[in-house]
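Heads up: the structure comes next, in structure tokens.
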Ligand SMILES: *Cc1c(COP(=O)(O)O)cnc(C)c1O
């Protein structure tokens, strides 16, 4: 547990250093999300004790269990692919759903949100490198999707974009993808679509968050760098 606090401090320092290298400066300050998937509820408590206010989960079931046990006051973000039949549960669980990757899912979330009387904050997930193994909208469909969401789904509030860069040894290799995401983000922000609150550009994980911040990310999702490796199958070490 000591390590968790130390790891978080270290990452926050690196984020500060990366923020200085940004241009233009003075954008929305970076928020660090503790990705607690595959770790137990103690990970949530430890992240909160170290001052973090957002946790990221990738599965509805796991988040349900953890929310029932957690006493920390944190925001919950969904960062993993969501099946439409779990839209209702997801709307109840999550403050921000970052992984909206199809029109079909957006419609299901809209319906669920309207039923619950909630305006659901969402990000559109973009498959910026067109990887066959990843979810997300092709970059060239993102503008159109954003416009349709804003125009026709009043249960949703579009708050920005999310991406998962290709996994590479050298994070410099993915810098062009982050740049591309930033361009897309700014182009959409400029449209100032009614009913949207375009503020979050979620990109950067343990392996590449510094480069992501340099290129303008303001939501960073780190798991391994905070909690160590995940053990799959069992709900891990913590
Ligand atoms: C697991 C996960 C992360 C965290 O990955 P690490 O490499 O452990 O930091 C970030 N984003 C998404 C979407 C994830 O699924």
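In this note's numbering, the protein residues as written are 221 to 458. Glycine included, every Cβ here is placed at the ideal spot set by N, Cα and C. For clarity, every value in this text was computed on a predicted model and none was experimentally measured.
### Message
Does residue 274 come out as helix, strand or coil in the three-state DSSP assignment?
### Response
It is a strand residue.
### Query
Can you find at least 3 beta carbon pairs, one from the segment 286-305 and one from the segment 318-333, that sit closer than 8 Å?
Proximity of the segment 286-305 to the segment 318-333 meets the contact definition, three or more beta-carbon pairs being nearer than 8 Å.
### Task
Write down every uninterrupted run of the alpha helix (DSSP H) in the segment 400-436 whose length is 4 residues or greater and which is fully enclosed by it, in chain order.
Correct list: 429-434.
### Query
Which full runs of the alpha helix (DSSP H) of 4+ residues lie inside the segment 225-257, going along the chain?
Here no run is fully enclosed.
### Message
Check for me: the beta strand (DSSP E) holding residue 393 runs from which residue to which?
### Response
Counting along the chain, residue 393 falls outside any beta strand (DSSP E), and DSSP gives it neither H nor E.
#### Entry: Nearest candidate by alpha-carbon position, reference residue 225, set 397, 278, 242, 269
Nearest of 397, 278, 242, 269 to residue 225, Cα basis: 269.
### Message
I'd like to know if the segment 277-287 and the segment 302-319 are in contact, where contact means that at least 3 CB-CB pairs between them fall below 8 Å.
### Response
Cβ pair count under 8 Å is three or more, so yes.
### Query
Could you name the residues, in chain order, whose CB is less than 6 Å away from a heavy atom belonging to ligand 1?
Going along the chain, the residues that qualify are 255, 257, 278, 299, 300, 384, 425, 426, 427, 441, 442, 443, 444, 445.
### Task
Figure out for me which residue from 252, 425, 439 has the closest Cα to the Cα of residue 394.
Minimum Cα distance to residue 394 is reached at 425.
### Message
Once the 5 residues before and after residue 400 are set aside, which same chain residues still bring their CB inside 8 Å of it?
### Response
Closer than 8 Å at Cβ, skipping near neighbours: 348, 359.
#### Entry: From 248, 315, 310, residue whose alpha carbon lies closest to that of residue 273
The option with the nearest alpha carbon to residue 273 is 315.
### Query
With distances taken from CA atoms, which of 287, 397, 317 is nearest residue 350?
Ranking 287, 397, 317 by Cα distance to residue 350 puts 397 first.
### Message
Excluding the 5 residues flanking residue 477 on each side, which residues of the same chain have their C-beta closer than 7 Å to its C-beta?
### Response
Past the edges of the chain, shown from 221 to 458, lies residue 477, and the structure says nothing about it.
### Task
Classify residue 335 as helix, strand or coil using the three-state DSSP reduction.
In this structure, residue 335 counts as helix in the three-state DSSP scheme.
### Query
Taking the alpha helix (DSSP H) that residue 315 falls in, what are its first and last residues?
Run containing residue 315: none; DSSP gives neither H nor E here.
### Query
Roughly how many angstroms lie between the CA atoms of residue 332 and residue 230, to the nearest whole one?
Cα-Cα distance, rounded: 39 Å.
### Query
Given that a residue counts as buried once 16 or more other Cβ atoms are within 10 Å of its Cβ, and exposed if not, what is residue 227?
Note on residue 227: 16 or more other CB atoms within 10 angstroms of its CB, so buried under the neighbour-count rule.
### Task
Consult DSSP for residue 301 and reduce its assignment to one of helix, strand or coil.
Here residue 301 sits in coil by DSSP.
### Task
Name the two residues that bound the continuous beta strand (DSSP E) containing residue 377.
For residue 377, the enclosing beta strand (DSSP E) covers residues 376-383.
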